Amino acid sequence: MDRIFYGREEIMRNIPLIEIDARVKTLLDTMLNVHKQNSNSPVILMLSITQTKECIFVKRDDIHNRSSNSIPFQKSSLLVPDIFVENLNQDTSIIIRHMLDMMWNAGAYPKSLSYDKDDNWIDHRRY
């Protein structure tokens, strides 16, 4: 995680969940577009985050100011259950919703903050 998201030692043990949400959605959008050009077979989506022991799952905006959810993760990896995707034309934000919620739950958040109250995707990416 440190090479992807961080540049300074003091924040290396934080895992920014909003950034991961955006990357997962972007990668899935790209992967499904490529896959659909060659096949219409179902895919299995897997998400794991390794080297998580003692890491803090944070929203992007609290990387420097840890919230009350600052409970270090006690396992060495976070493995989210696989998702079997049959409908390749379904909106990717719908496909990954429960997967992202489970990841946020592991960080002591009730649900992913990448969705509004009506379950619509909020694009937090910085351009």
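Quick note on my numbering: the sequence shown kicks off at 1 and runs consecutively. Every residue, glycine too, gets a C-beta built ideally from N, C-alpha and C. Owing to the predicted nature of the structure, the values given are computational and were not obtained by experimental measurement.
Would residue i and residue j qualify as a contact pair, given that the criterion is a beta-carbon distance under 7 Å?
i, j, result
"isoleucine 96", "leucine 78", "no"
"asparagine 14", "isoleucine 83", "no"
"tryptophan 104", "leucine 27", "no"
Compute the Euclidean distance between the alpha carbons of residue i and residue j, then round it to the nearest angstrom.
i, j, result
"isoleucine 122", "asparagine 87", "22 Å"
"alanine 108", "methionine 102", "10 Å"
"arginine 60", "isoleucine 94", "22 Å"
"isoleucine 71", "proline 81", "22 Å"
Run the CB neighbour count on residue i, radius 10 Å, all protein chains shown included, and call it buried at 16 or more, exposed below.
i, result
"glutamate 10", "Note that glutamate 10 scores a pLDDT of 49, beneath 50, so its modelled location is shaky; the value from the coordinates is reported in the next line. Exposed, because fewer than 16 other Cβ atoms sit within 10 Å of the Cβ of glutamate 10."
"serine 112", "buried"
"serine 39", "exposed"
"asparagine 33", "exposed"
"lysine 53", "exposed"
"isoleucine 44", "exposed"
"threonine 92", "buried"
DSSP state of residue i, grouped into three classes?
i, result
"isoleucine 95", "helix"
"isoleucine 122", "coil"
"leucine 128", "The requested residue 128 is not part of the displayed model; the chain covers only 1 to 127."
"isoleucine 71", "coil"
"threonine 52", "coil"
"leucine 88", "coil"
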